[in-house]
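So the sequence shown is numbered by this note's numbering: it starts at 15 and just counts up by one.
Here a beta-carbon is modelled for each residue, glycine too, at the ideal position from N, C-alpha and C.
Small disclaimer: the values here were computed from a predicted structure and weren't measured.
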Amino acid sequence: MSEAGCPFCAIIDGRAPAAIVLSDERVLAFMDLRQAVPGHVLVIPRRHVADIYALPLDDAAAVMQTAVRVAQALRAEYDPPGLNLWQSNGAAAGQEVLHFHLHLHARRPGDGLFRLYPKGLPSHSSASWREAAAQALRLRLAGQELP
Ligand SMILES: [Zn+2]
């Protein structure tokens, strides 16, 4: 289902151009316009969902299967020494387009792209905090309803 005003739905519908890497009945993979690093690909579900919270499991599986295939193609084509998968949900996480998307970034030392973790360990890294957090999440998983 296409969403008015969504730039990724416009690509899916053929109303906006994109350099397509892979297209099938569930997903589309295309070159990111900004190419943060050479070999920067986006994988999106054809179905418009804003974020991971709305992503049906079958679309999630299709996105990840495509990511694995695209990763193999990126390695064969660019032979990068590293590869990141990057996915953001919500403005606080830096999500700019509200259509679920998974980035693949071919990485090279010194490429200037992000460093994920700050140096040092924050106070909530204790073993007891981690165990309490895991217990809380196990309870959430047991009672969850999925899209
Ligand atoms: Zn969309």
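Span separating the alpha-carbon of residue i from that of residue j
i	j	result
Pro123	Pro95	8 Å
Gln109	Ala68	14 Å
Ala30	Asp46	13 Å
Pro89	Arg83	It should be pointed out that residue 89 corresponds to Arg in this sequence rather than to Pro. Whole-angstrom Cα-Cα distance: 10 Å.
For residue i, the nearest candidate out of the options (CA to CA)
i	options	result
His117	Pro21, Asp72, Gly134 and Met78	Met78
Ala85	Tyr131, Ile25, Leu56 and Gln158	Leu56
Asp192	Leu130, Pro132, Phe114 and Phe44	Nothing about residue 192 can be read from this structure; the chain reaches only from 15 to 161.
Pro161	Phe44, Pro136, Gly28 and Val63	Val63
Glu91	Leu127, Val35, Gly134 and Gly28	Val35
Asn98	Ala107, Ala105 and Ala81	Ala81
Proximal residues to residue i (C-beta, below 8 Å), its chain only, five neighbours per side dropped
i	result
Arg48	His54
Neighbourhood of residue i by C-beta, 7 Å cutoff - its chain only, sequence neighbours within 5 removed
i	result
Asp125	Val51
Phe22	Ile58, Val111, His113 and His115
Arg60	Ile26, Arg40, Val41 and Leu42
Host alpha helix (DSSP H) of residue i (start-end)
i	result
Pro94	Segment: none, Pro94 is in no alpha helix (DSSP H) and carries neither H nor E.
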